[in-house]
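Protein chains in written order, with my numbering: chain A, 69 to 126; chain B, 858 to 1285. For glycine and all other residues, C-beta sits at the position ideal for the given N, C-alpha and C. If you're wondering where the values come from, they're calculated on a predicted model, not measured in any experiment.
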């Protein structure tokens, strides 16, 4: 689950950077950027959730 | 923000240099904070780790880091997309051989960056207190100072693609980070998150429900906070002059904004913990002071004092809940480094988009910076440290942790007058 979360973090970054680099300023870049951040929030949620179960260390 | 490389006046150079000389006090403050929040049986180890990590960061950055970071107008690796040249990575010479130390802007940047990368490298030590081996922390620092930090610093401060967003993609003035809320603090804070993930909690931390392991010397922590303020004034002023072209006349504004944000954040954290726990919590209040400095550093030269107060207020509200929330999620972060530096740094980056006056679309550049921190810096830092941990285990063995890192790794304690023999994991 942590791996999936990390992939979502990267995917959100790719979405945000692609929107700003590839789209023209007249395009709805803000929507893509916010969507990318939403994907990253989901990714953070997954990675944190994955950390929840094993609390005691080595 | 992408500035043409312009030379400072003689007065500007002298002022900037003096400000840079104050920056190591931030490192000293962070070292004291990390040590005070840790256990007494690892105090000596914690201070030595801070110095070793600083030394490793400085040397690695000198040898290879600055070559990747570069500076606006210096050689860089470019990528052409849609007819536009995006600056991805610095291509300077290794060992700073391309820098002439004659008071030029690039020499001042190189000097400031040596201290800045040292500060960023010290932040994860707080999250790894009482269980992170000295050699492993130095090895991890080499990765931070040689790869992660320079790449991201290039994107923001070295004329990289995030800075170019203003000119090439009409996103305000491009990514702005005056004093390093993102480049120094969030990068260090996200490294702290990765280290906390990899190390796991201290033994005894979650064995008994509701059990907290308090720091061993809160006076040391509070004195560290006072030292960080002095260093922060220098860091933010030097950053403003070098990375945003701010004139010397903005120095009073930067000082006022720093003090106001830190004060408001401290009082807010104090009141929130006082209301929630019936008495104010000194450790979270101290964290409130530092998160105020962290969050204002992104925009310190560009907002009015009331706006700085608003930024500090949000930061002060953020820290008590973030510390408690991360603790419940199983993150053992003795000094609150993740909450203060990662959460505070991200808020500082976003605050630029909200409060900075300038061309429209600034928020897009700031959100892109946040996305790069979460989607590039965090995964890269985590994966590099996870890989290194496979070959060189980060965590001290169980007996070493019980004995304390001082005795286990150094052979002598910081407080020899205190008895050292015990089987209790929670022994101070």
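Nearest to residue i by alpha carbon, out of the options?
i               : options                               : result
residue 1247(B) : 1119(B), 1204(B) and 1055(B)          : 1055(B)
residue 1229(B) : 1020(B), 1270(B), 1274(B) and 1257(B) : 1020(B)
residue 1127(B) : 1091(B), 1163(B) and 1174(B)          : 1174(B)
residue 1030(B) : 973(B), 932(B) and 1210(B)            : 1210(B)
residue 1022(B) : 945(B), 981(B) and 1064(B)            : 945(B)
residue 909(B)  : 978(B), 1205(B), 1158(B) and 879(B)   : 978(B)
residue 871(B)  : 1227(B), 1120(B), 1104(B) and 943(B)  : 1104(B)
residue 1006(B) : 1063(B), 902(B), 917(B) and 949(B)    : 917(B)
residue 89(A)   : 1158(B), 1025(B) and 1273(B)          : 1025(B)
residue 1206(B) : 999(B), 1243(B) and 1040(B)           : 1040(B)
residue 1269(B) : 905(B), 867(B) and 868(B)             : 905(B)
residue 1204(B) : 1223(B), 1188(B) and 1187(B)          : 1223(B)
residue 71(A)   : 1257(B), 1274(B) and 1232(B)          : 1232(B)
residue 1120(B) : 943(B), 1171(B), 1071(B) and 1275(B)  : 1171(B)
residue 1070(B) : 1243(B), 1102(B), 879(B) and 1192(B)  : 1192(B)
In chain order, what residues of the same chain have a beta carbon less than 6 Å from the beta carbon of residue i, not counting five sequence neighbours either side?
i               : result
residue 1168(B) : 1118, 1152, 1153 and 1208
residue 975(B)  : 884, 911, 914 and 915
residue 985(B)  : 1052 and 1056
residue 101(A)  : 84 and 87
residue 1286(B) : Coverage of chain B is limited to positions 858 through 1285, which leaves residue 1286(B) absent and any answer about it impossible.
residue 928(B)  : 963, 966 and 1015
residue 969(B)  : 877 and 1095
residue 1179(B) : 1196 and 1200
residue 1221(B) : 1028
Looking only at its chain, what residues have a beta carbon closer than 7 Å to the beta carbon of residue i, apart from the 5 residues adjacent to it on each side?
i               : result
residue 125(A)  : Any answer about residue 125(A) is weak, because its pLDDT of 45 lies below 50 and its placement is not dependable; what the coordinates show is given next. Result list for residue 125(A): empty, nothing under 7 Å.
residue 1327(B) : There is no way to answer for residue 1327(B), as the model of chain B reaches only from 858 to 1285.
residue 896(B)  : 987, 1073, 1261 and 1285
residue 1255(B) : 1060
residue 1027(B) : 1218
residue 999(B)  : 913 and 917
Can you find the residues in the same chain that come closer than 8 Å, C-beta to C-beta, to residue i, ignoring five residues on each side of it along the sequence?
i               : result
residue 951(B)  : 920, 921 and 924
residue 996(B)  : 1245 and 1249
residue 1280(B) : The predicted model places residue 1280(B) with a pLDDT of 49, which falls under 50 and marks its position as unreliable, so this point remains unresolved.
residue 123(A)  : With a pLDDT of 49 at residue 123(A), under the threshold of 50, the modelled position of that residue is not reliable, and the figure given next carries that caveat. Nothing meets the Cβ criterion.
residue 1253(B) : 988, 989, 990, 1262, 1265 and 1266
residue 1177(B) : 1126, 1129, 1130, 1133, 1138, 1141 and 1145
residue 833(B)  : Absent from the model: residue 833(B). The displayed extent of chain B is 858 to 1285, so no value can be given.
residue 1090(B) : 876, 879, 1111, 1112 and 1115
With burial defined as no fewer than 16 other Cβ atoms inside 10 Å of the residue's Cβ, what is the status of residue i: buried or exposed?
i               : result
residue 936(B)  : exposed
residue 1190(B) : buried
residue 1109(B) : exposed
residue 865(B)  : buried
residue 954(B)  : exposed
residue 934(B)  : exposed
residue 1018(B) : buried
residue 1182(B) : exposed
residue 892(B)  : buried
residue 92(A)   : exposed
residue 1042(B) : buried
residue 117(A)  : exposed
residue 938(B)  : exposed
residue 1185(B) : exposed
residue 119(A)  : buried
residue 99(A)   : exposed
I need the boundaries of the beta strand (DSSP E) containing residue i, first residue and last residue.
i               : result
residue 1089(B) : First-last for residue 1089(B): 1075-1100, but that is the alpha helix (DSSP H), not the beta strand (DSSP E).
residue 946(B)  : 941-947
residue 935(B)  : 933-938
What are the start and end residues of the alpha helix (DSSP H) that includes residue i?
i               : result
residue 1353(B) : Outside the displayed range of chain B (858 to 1285) lies residue 1353(B), so it cannot be described from this structure.
residue 874(B)  : 867-879
residue 1006(B) : 1006-1014
residue 1184(B) : 1162-1185
residue 1044(B) : 1044-1056
residue 1219(B) : 1219-1229
residue 1269(B) : From DSSP, residue 1269(B) is part of no alpha helix (DSSP H); its letter is neither H nor E.
residue 1199(B) : Residue 1199(B) -> no alpha helix (DSSP H), and no H or E assigned at all.
residue 120(A)  : 97-120
Are three or more beta carbon pairs between the stretch 1141-1149 of chain B and the stretch 1079-1089 of chain B nearer than 8 Å? yes
Touch test, the stretch 1044-1059 of chain B against the stretch 1236-1247 of chain B, Cβ-Cβ under 8 Å, three pairs minimum: yes
How about the stretch 1010-1019 of chain B and the stretch 1073-1080 of chain B: do they share at least three Cβ pairs that are nearer than 8 Å? no
With a threshold of 8 Å, are at least 3 pairs of Cβ atoms found where one atom belongs to the stretch 1212-1224 of chain B and the other to the stretch 954-967 of chain B? no
Using 8 Å as the cut-off, can you tell me whether the stretch 1088-1107 of chain B makes contact with the stretch 1018-1038 of chain B, which would need three or more C-beta pairs spanning the two stretches below that distance? yes
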